[in-house]
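**Q** Be aware that the sequence shown starts at 52, since it is given in our numbering, and climbs by one per residue.
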Amino acid sequence: MFRYLIVFGFFTLLGTCSQKVSKQYLSEIVIPVEAQIPTAYESKAPCKVKENYMPDTNHVDHTPLKSIRINFHIMNGGNGTANFDEREGTAFIKQVMFVANAKLARNSQMRLPIGNNTAVIPMRYRYELTGRPGDPKDDGIYFHYDNECYGQINYGKQKNIYDKTAFERYGVMKDTVMNVFVMPYPEDSLSSKTFKISGNGIAFGNWVKVCGWHYNATKDTIWKGNKYEVPYGEWYAAKLMHHEIGHNLGLRHSWNSNDGCDDTPKHPNCYGYSPKPPCDSLWGNNFMDYNTHISAWSPCQIATIHHNMSPGKKPKLRKMLVPTWCDFKKEATINIDEDITWNSAKDLEGNLIVKNGGTLTVRCLLSLPKGAKIEVHPKGKLILDGASLYNDCEEKWKGIQLLTAAGETGTVVYQGGSEIKDVENEIKVALETERN
Ligand SMILES: [Zn+2]
Numbered sequence: 052m053f054r055y056l057i058v059f060g061f062f063t064l065l066g067t068c069s070q071k072v073s074k075q076y077l078s079e080i081v082i083p084v085e086a087q088i089p090t091a092y093e094s095k096a097p098c099k100v101k102e103n104y105m106p107d108t109n110h111v112d113h114t115p116l117k118s119i120r121i122n123f124h125i126m127n128g129g130n131g132t133a134n135f136d137e138r139e140g141t142a143f144i145k146q147v148m149f150v151a152n153a154k155l156a157r158n159s160q161m162r163l164p165i166g167n168n169t170a171v172i173p174m175r176y177r178y179e180l181t182g183r184p185g186d187p188k189d190d191g192i193y194f195h196y197d198n199e200c201y202g203q204i205n206y207g208k209q210k211n212i213y214d215k216t217a218f219e220r221y222g223v224m225k226d227t228v229m230n231v232f233v234m235p236y237p238e239d240s241l242s243s244k245t246f247k248i249s250g251n252g253i254a255f256g257n258w259v260k261v262c263g264w265h266y267n268a269t270k271d272t273i274w275k276g277n278k279y280e281v282p283y284g285e286w287y288a289a290k291l292m293h294h295e296i297g298h299n300l301g302l303r304h305s306w307n308s309n310d311g312c313d314d315t316p317k318h319p320n321c322y323g324y325s326p327k328p329p330c331d332s333l334w335g336n337n338f339m340d341y342n343t344h345i346s347a348w349s350p351c352q353i354a355t356i357h358h359n360m361s362p363g364k365k366p367k368l369r370k371m372l373v374p375t376w377c378d379f380k381k382e383a384t385i386n387i388d389e390d391i392t393w394n395s396a397k398d399l400e401g402n403l404i405v406k407n408g409g410t411l412t413v414r415c416l417l418s419l420p421k422g423a424k425i426e427v428h429p430k431g432k433l434i435l436d437g438a439s440l441y442n443d444c445e446e447k448w449k450g451i452q453l454l455t456a457a458g459e460t461g462t463v464v465y466q467g468g469s470e471i472k473d474v475e476n477e478i479k480v481a482l483e484t485e486r487n
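(1) Is the beta carbon of GLY42 less than 7 Å from the beta carbon of ASN198?
(2) Report yes if the CB atom of ILE434 is closer than 7 Å to the CB atom of VAL405, and no otherwise.
(3) If you reduce the DSSP assignment to three classes, tell me which class ALA156 lands in.
(4) Which of helix, strand or coil does DSSP assign to PHE123?
(5) On the criterion of 16 or more Cβ atoms from any shown chain inside 10 Å, does VAL72 qualify as buried, or is it exposed?
(6) Let me check understanding here. Comparing Cα to Cα, which of ILE192, MET224, HIS113 lies closest to ILE391?
(7) Would you mind sorting LEU482 into buried or exposed? The rule is 16 or more other CB atoms within 10 Å of its CB.
(8) Is the shortest distance between the beta-carbon of THR108 and the beta-carbons of chain C less than 7 Å?
(9) In this structure, does DSSP put MET234 in helix, strand or coil?
(10) Listed by chain order, which residues have C-beta atoms less than 6 Å from any heavy atom of ligand 1?
(11) Run through DSSP, which three-state label would TRP393 get?
(12) Is it buried or exposed for LYS210, if we count other Cβ within 10 angstroms and need 16 for buried?
(13) By alpha-carbon positions, which one of TYR287, LYS364, GLU179, GLY202 ends up nearest to PHE232?
(14) Would you list, in sequence order, the uninterrupted alpha helix (DSSP H) runs of no fewer than 4 residues that lie entirely inside the region 128-204?
(15) Name, in chain order, the residues that DSSP records as bridge partners for ASN402.
(16) Starting from the C-beta of HIS304, find all residues in its chain whose C-beta is less than 6 Å away, skip the five residues before and the five after it, and write them out in chain order.
(17) Under the three-state reduction of DSSP, which class applies to ASN476: helix, strand or coil?
(18) Assuming contact is defined by CB atoms lying nearer than 7 Å, are SER469 and ALA438 in contact in what I supplied?
(19) What is the DSSP secondary structure of TYR92, reduced to helix, strand or coil?
(20) Could you work out which residue in GLN352, ALA289, ASP378, ALA254 is closest to HIS344 when comparing CA atoms only?
(21) From THR141 to LEU180, what does the alpha carbon distance come to, in whole angstroms?
(22) Considering Cα atoms alone, identify which of ASN342, ILE387, LYS421 is closest to ASN407.
(23) From LYS472 to LEU291, what distance separates their C-alpha atoms?
(24) Could you give the DSSP three-state label for GLY301: helix, strand or coil?
(25) Taking the Cβ atom as the reference point for each residue, do HIS195 and HIS124 lie within a distance shorter than 7 Å?
(26) Buried or exposed: which applies to VAL111, given that a residue is buried once 16 or more other Cβ atoms fall within 10 Å of its Cβ?
(27) Relative to the C-alpha of ASN320, which candidate in GLY450, SER332, PRO235, ALA457 has its C-alpha closest?
(28) Less than 8 Å between the CB atoms is what I'm expecting for GLY401 and GLY431, so what's the real figure, rounded?
(29) For MET105 versus ALA268, is the C-beta distance shorter than 7 Å?
(30) Measuring CB atoms only, is the region 146-165 touching the region 216-230, in the sense that at least three cross pairs come out at less than 8 Å?
(31) In terms of alpha-carbon separation, which member of LEU368, CYS330, ALA254 lies closest to ILE119?
(32) Taking Cβ to Cβ, would you say ILE385 is nearer than 7 Å to LEU403?
(33) Could you check which residue in ALA254, ASN134, HIS293 has the C-alpha nearest to that of ALA151?
(34) Which residues in the same chain as PRO33 place their Cβ atom closer than 6 Å to its Cβ, once the five residues preceding and following it in sequence are excluded?
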């Protein structure tokens, strides 16, 4: 229960009487005497609940799309025959990017538990291939020829999957771009009969290694399981990349019961369908399984990712995102015309309009880009309940504009220790000192 409400606004500018609708920037909020009690800390608690970061399927635009900067390093041996050459490598990476982003745009139904009706929630992030700024020749795809660190061995005595040399030598913009190292198998290992070929990858928190792309891309393009055919090539590559980057975004393997998500059931982690139980039925399709059919992220996993990308949660990850919330986009305007509560931090990219009949309750961080405003229409209501309105780019947003028509003015309720910062049209929050 909220213990109090405050609904006072004063305007410095009054609209001219000849206009039907007048607009004024809110300039002062006065907190009534009876409401002057300490901040209700619990009002901020929902911001820490990861489930609240799940995109709202009825209002997908309320979760603006995030972009993760990404680059690729094609590791090769000195003679250049262990991995893609520069022409085919560039083409392959572009295909991987296309396929990976297409998959992010189209999530699938979870396969397990069998008969589930787990919601299919849209992913609200994409990858953006990023070269060094100011260098038009840099496409974010790099080729390295280094006999010392080009090959990956996933098993056995010579296992080097944890080796970081490639990243240390060749990483580019390590703090702001997620570097993906595309590792081939060592050429001399491939000729050995005992070498175990496996398409492992590994995530290191803010960069990843993926293995076997070249080997698979140059083989048959379809993996023929016992019952299902699975495409190889860029499809296989994109899946492995989603899995490894999924770790960097905060996801754990989904076949265990300790992944922090109830909608990814514990299961035997079958690589795919096979006629023998349990893999005749209990094969999954989650991106965090080791599975050839992977194609689904669960709602909880998506909420986890979006929570981790929110301000303050994982600062290192946040730096890898394109700061899309710094550029004002008129087409990114969000209109509220019903009763909506935002229980999670949000980065808006345009104006926010609370229309007549709409009520918006904001309970967490809400960043607005330079040039953006919040508009509250005469019969609209904005409730700031533990909200922090601010700009996350060291600039100023415009402020809260109230519309008046037929003697009615948009309402702003201010409670729960809310704050309004970084505004051009400043809003003074005052305490009422006496009451008649
Ligand atoms: Zn993994």
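Idealized CB from N, CA, C, for every residue including glycine.
**A** According to the structure data:
(1) The displayed coordinates of the chain run from 52 to 487. Any statement about residue 42 would go beyond what the structure contains.
(2) Stepping through the sequence shown from its first residue, residue 434 is reached at position 383. Stepping through the sequence shown from its first residue, residue 405 is reached at position 354. Against a cut-off of 7 Å, the Cβ pair of VAL405 and ILE434 comes out as no contact.
(3) Walking along the sequence shown from the start, residue 156 turns up at place 105. Correct three-state label for ALA156: coil.
(4) Position 72 of the sequence shown, counted from the start, is the residue given in the question as residue 123. Reduced to three states, the DSSP call for PHE123 is strand.
(5) Counting from one through the sequence shown, the residue named residue 72 turns up at place 21. With fewer than 16 other Cβ atoms within 10 Å, it is exposed.
(6) By 1-based counting over the sequence shown, the position of residue 391 is 340. Checking every option, the nearest Cα to that of ILE391 belongs to HIS113.
(7) Here residue 482 corresponds to residue number 431 of the sequence shown, with the count starting at 1. Exposed: under 16 other Cβ atoms inside 10 Å.
(8) The question asks about chain C, but that chain is absent: this structure has only one protein chain.
(9) Counted from its first residue, the sequence shown places residue 234 at position 183. Looking at MET234 - three-state DSSP - the assignment turns out to be strand.
(10) HIS294, HIS298, HIS304
(11) Mapped onto the sequence shown, residue 393 falls at position 342. Strand at TRP393.
(12) Position 159 of the sequence shown, counting from 1, holds the residue named residue 210. LYS210 is exposed by the Cβ-count criterion.
(13) Looking up residue 232 in the sequence shown gives position 181. The shortest Cα separation from PHE232 among TYR287, LYS364, GLU179, GLY202 belongs to GLY202.
(14) 137-155
(15) The residue given as residue 402 occupies position 351 in the sequence shown. Paired residue(s): none; ASN402 is not in a bridge.
(16) Position 253 of the sequence shown holds residue 304. Excluding positions up to five away in sequence, the list reads MET339.
(17) Residue mapping note: residue 476 aligns to position 425 of the sequence shown, counting from 1. Looking at ASN476 - three-state DSSP - the assignment turns out to be coil, as it is neither helix nor strand.
(18) The count along the sequence shown starts at 1 and reaches residue 469 at position 418. The count along the sequence shown starts at 1 and reaches residue 438 at position 387. Yes, these two residues count as a Cβ contact at 7 Å.
(19) Here residue 92 refers to the residue found at position 41 of the sequence shown. Its pLDDT being 49, under 50, TYR92 is placed unreliably by the model, and nothing is read from it.
(20) Translated into positions along the sequence shown, residue 344 becomes position 293. Here the closest residue by C-alpha is ALA289.
(21) Along the sequence shown, one-based indexing puts residue 141 at 90. Along the sequence shown, one-based indexing puts residue 180 at 129. So the two alpha carbons sit approximately 12 Å from each other.
(22) Counting from 1 along the sequence shown, the entry for residue 407 is found at position 356. Comparing Cα positions, the closest option is ILE387.
(23) Position 421 of the sequence shown, counted from the first residue, corresponds to residue 472. Position 240 of the sequence shown, counted from the first residue, corresponds to residue 291. About 42 Å.
(24) Sequence index remark: in the sequence shown, residue 301 carries index 250 (1-based). DSSP places GLY301 in coil when its eight states are reduced to three.
(25) On the sequence shown, position 144 is the one that residue 195 refers to. On the sequence shown, position 73 is the one that residue 124 refers to. Cβ atoms of HIS195 and HIS124: closer than 7 Å.
(26) By one-based count along the sequence shown, residue 111 stands at place 60. It counts as exposed.
(27) Taking the sequence shown and counting its residues from 1, one reaches residue 320 at position 269. Comparing Cα positions, the closest option is SER332.
(28) Translated into positions along the sequence shown, residue 401 becomes position 350. Translated into positions along the sequence shown, residue 431 becomes position 380. For GLY401 against GLY431, the beta-carbon gap comes to about 17 Å, at or over 8 Å, which does not count as contact.
(29) Against the sequence shown, residue 105 aligns to sequence position 54. Against the sequence shown, residue 268 aligns to sequence position 217. For MET105 and ALA268, no; Cβs fall outside 7 Å.
(30) no
(31) Counting from one through the sequence shown, the residue named residue 119 turns up at place 68. Checked all of LEU368, CYS330, ALA254; the closest Cα to ILE119 is LEU368.
(32) As a working mapping, residue 385 is identified with position 334 in the sequence shown. As a working mapping, residue 403 is identified with position 352 in the sequence shown. Yes. Within cutoff.
(33) As a first step, residue 151 must be located in the sequence shown, where it is residue number 100. For the residues ALA254, ASN134, HIS293, the minimum Cα distance to ALA151 belongs to HIS293.
(34) An answer regarding residue 33 cannot be provided, because it is not within the stretch 52 to 487 covered by the chain.
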